[in-house]
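Counting in the numbering used here, the sequence shown runs from 1 upward without gaps.
Note that the Cβ used here is the ideal one computed from N, Cα and C, for glycine as well.
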Amino acid sequence: MDPAAIAGLVLVVGIVVLLLIGTPISVAVGGSSAVAMIVILGFENGVLTSAQQIFRGINSFPLLAIPFFVLAGVIMNNGGIALRLINAAKVMVGKAPGSLAQSNIAANALFGAVSGSAVAAAAAVGSTMGPLQAKEGYDKNFAAATNIASAPAGMLIPPSNLMIVYSLVSSTSIAALFVAGYVPGILWALTCMVVVYLYARKRPELKFTDKITFGQGAKIILDAVPSLALIVVVIGGILAGYFTPTEGSCIAVVYSLALSFIYRAIKVKQLPAIFMDATRTTAVVMFLVGVSSVMGFVMSYAKIPALVSEAMFKVSDNPVILLLLIAVVLLIIGCFMDPTPAVLIFTPIFLPIVTSFGIHPVHFGIMMVFNLCIGTITPPVGPVLFVGAKVANLAIEDVIRRLLPFFGALVVMLIVVIFTPALSMWLPTTLGLVMP
Numbered sequence: 001m002d003p004a005a006i007a008g009l010v011l012v013v014g015i016v017v018l019l020l021i022g023t024p025i026s027v028a029v030g031g032s033s034a035v036a037m038i039v040i041l042g043f044e045n046g047v048l049t050s051a052q053q054i055f056r057g058i059n060s061f062p063l064l065a066i067p068f069f070v071l072a073g074v075i076m077n078n079g080g081i082a083l084r085l086i087n088a089a090k091v092m093v094g095k096a097p098g099s100l101a102q103s104n105i106a107a108n109a110l111f112g113a114v115s116g117s118a119v120a121a122a123a124a125v126g127s128t129m130g131p132l133q134a135k136e137g138y139d140k141n142f143a144a145a146t147n148i149a150s151a152p153a154g155m156l157i158p159p160s161n162l163m164i165v166y167s168l169v170s171s172t173s174i175a176a177l178f179v180a181g182y183v184p185g186i187l188w189a190l191t192c193m194v195v196v197y198l199y200a201r202k203r204p205e206l207k208f209t210d211k212i213t214f215g216q217g218a219k220i221i222l223d224a225v226p227s228l229a230l231i232v233v234v235i236g237g238i239l240a241g242y243f244t245p246t247e248g249s250c251i252a253v254v255y256s257l258a259l260s261f262i263y264r265a266i267k268v269k270q271l272p273a274i275f276m277d278a279t280r281t282t283a284v285v286m287f288l289v290g291v292s293s294v295m296g297f298v299m300s301y302a303k304i305p306a307l308v309s310e311a312m313f314k315v316s317d318n319p320v321i322l323l324l325l326i327a328v329v330l331l332i333i334g335c336f337m338d339p340t341p342a343v344l345i346f347t348p349i350f351l352p353i354v355t356s357f358g359i360h361p362v363h364f365g366i367m368m369v370f371n372l373c374i375g376t377i378t379p380p381v382g383p384v385l386f387v388g389a390k391v392a393n394l395a396i397e398d399v400i401r402r403l404l405p406f407f408g409a410l411v412v413m414l415i416v417v418i419f420t421p422a423l424s425m426w427l428p429t430t431l432g433l434v435m436p
């Protein structure tokens, strides 16, 4: 058998088998890729080349943005910023039907916009809003489902670490991806709000009970302005060309740390624990990026992307059918795999297919992130689902039934995003980040 075919077989079978027996995905990808590399180049050259590919994969200036954005998110989660954003969300939502649940959604979108982490949003916002909703008579399972379903909006609204990873794999502008995520991210939140509205219409007792005067509301909003200003400072600076996304991530750390000290929510003695928390998360992501570089080398040698592309075009050469097929595959993959490794593995496979019939890489990136965000709220792996249920002290199976309407609505919105490129492309094109 041809060495390329053997290497491809070792890679695919190795990853599948290791995942089935519960091996961490980074080890499954790295171990299988290293063995496949040895098949191609022999033991000594295979080991050396694998090490070189890991170094090459993480030796990237844009990738430095990930640890700093992760650190900024951890600081925000501990620095009193979440509570101010929650209060601002309650004022902005006002007396809308199901106002507390609507506030939960708005707070997740706001917190995600400054932290970029769906899991952090589900934990920080859910731990505050859950007890409030229970006190006002909301079904606990529905409250948890609302929090879980809306948290991934922050993975679309910049800054987004997942978009940075996609940018690295696809050689796409980070700034263009960041801007492209605004409209789909807002649409994600609005979709969840529609589901809550339809639920609240049947529950008239779920109405706004707190009376907030204009002066109180203005004070709450003003109190949250410094936190929201982080978006303007970081994203605005990147778009204006004052600094790169990596430099912007450093500014986000300094800004959020200064704000947390001003709020007196963080003490110096807490910093080592915060740094360690951010380091653990960063290490996982960076190791995945490194071993995925080895996998990419093997995939290219074994011509796996070309084989997959050829197989899909045999099914159909209709772009609509192919996009729907890719969406279904990504939805299934998202149920079993975290978004970061999914982007690293499947972008090199699917991107050449979609670009062959005119889909812009930025639009495909938003489609892919939106798709995998849905996977974060679906069993059996969904990290946001597990964190949201744990925060609410509920069993996964109790929450899933209430989550189904959100899931259905978000899949419909995914289809809208896929087949309406303007939703992703209008802003970056208008700002000159993408050529029309």
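Fewer than three pairs of CB atoms, one per stretch, sit closer than 8 Å, so the segment 154-168 makes no contact with the segment 402-416. In this structure, the CA atom of Ala389 is about 45 Å from the CA atom of Ile40. Looking only at Thr430, Ile374, Phe419, the smallest Cα-Cα distance to Pro319 is reached by Phe419.
Assignment of Ile38 by DSSP, reduced to helix, strand and coil, places it in the helix class.
Around the beta carbon of Gly14, 16 or more other beta carbons lie within 10 angstroms, which makes this residue buried. For Leu11 and Val343, the gap between their C-alpha atoms comes out near 17 Å.
Between the segment 276-295 and the segment 53-67, the count of Cβ pairs shorter than 8 Å is three or higher; the stretches touch. Its Cα nearest to that of Ile266, the residue Ile75 stands out among Ile75, Leu20, Tyr242, Gly8. A buried status is given to Ile374, since no fewer than 16 other beta-carbon atoms sit within 10 Å of its beta-carbon.
Annotation for Phe68: Thr246, Ser249, Cys250, Ala252, Val253 place their beta carbon closer than 8 Å to its own, counting only its chain and skipping 5 residues before and after. Membership of Tyr199 in the alpha helix (DSSP H) is indicated by the continuous run 182-201. DSSP, reduced to helix, strand and coil, places Arg280 within a helical segment of the structure shown.
At least 8 Å separates the beta-carbon of Ser127 from that of Val399. When the Cα atoms are used, Gly382 and Phe370 turn out to be separated by approximately 14 Å. According to the DSSP assignment, Asp398 belongs to the alpha helix (DSSP H) that extends over 396-418.
The residue from Ser103, Ala72, Glu44, Val384 with its alpha-carbon nearest to that of Tyr197 is Ser103. In the structure shown, Glu247 adopts helical secondary structure according to DSSP, grouped into three states. Inter-segment contact for the segment 144-162 and the segment 117-135 is present: three or more beta-carbon pairs are separated by less than 8 Å.
Contact check between the segment 123-143 and the segment 216-232: fewer than three CB pairs, one atom from each, fall below 8 Å, which does not count as touching. For Ile58, same chain residues with a beta-carbon under 6 Å away, outside a window of 5 residues either side, are Met286, Val289, Gly290 in chain order. Where Ser60 is concerned, there is no enclosing alpha helix (DSSP H), because DSSP gives it neither an H nor an E. By the beta-carbon neighbour count (other beta carbons within 10 angstroms, threshold 16), Phe275 is exposed.
For Val381, there is no enclosing alpha helix (DSSP H), as DSSP gives it neither H nor E.
Apart from the 5 residues on each side of it in sequence, Leu403 sits with its Cβ closer than 7 Å to the Cβ of Ala145, Ile148, Ala149, Ile377 in its chain, given in chain order. For secondary structure counted as the alpha helix (DSSP H) over 4 or more consecutive residues, the segment 284-350 holds these complete runs in sequence order: 304-315, 319-336.
Sequence-distant Cβ neighbours of Met92 in its own chain, meaning closer than 7 Å and more than five residues away, are Ala106. Proximity to Val328 across Met368, Val195, Leu190 peaks at Met368, based on C-alpha coordinates. In the same chain as Ala176, and ignoring 5 residues on each side of it, the C-beta atoms closer than 7 Å to its own belong to Val362, Pro428, Leu433, Val434, in chain order. Listed in chain order, the non-local C-beta contacts of Ala65 below 7 Å within the same chain comprise Ile164, Pro245, Thr246, Ser249, local neighbours out to five positions each way being set aside. Collapsing the DSSP output to three states places Gly80 in coil. The closest CA to that of Lys219, considering only Asn45, Ser26, Ala89, Val27, is found on Ala89.
Taken atom to atom, the span from the alpha-carbon of Ile366 to that of Val179 is near 10 Å.
DSSP places Glu44 within a helical segment (H, G or I) once states are collapsed to three. DSSP places Gln102 in the uninterrupted alpha helix (DSSP H) bounded by 99-115. In the structure shown, the three-state DSSP call for Val434 is coil.
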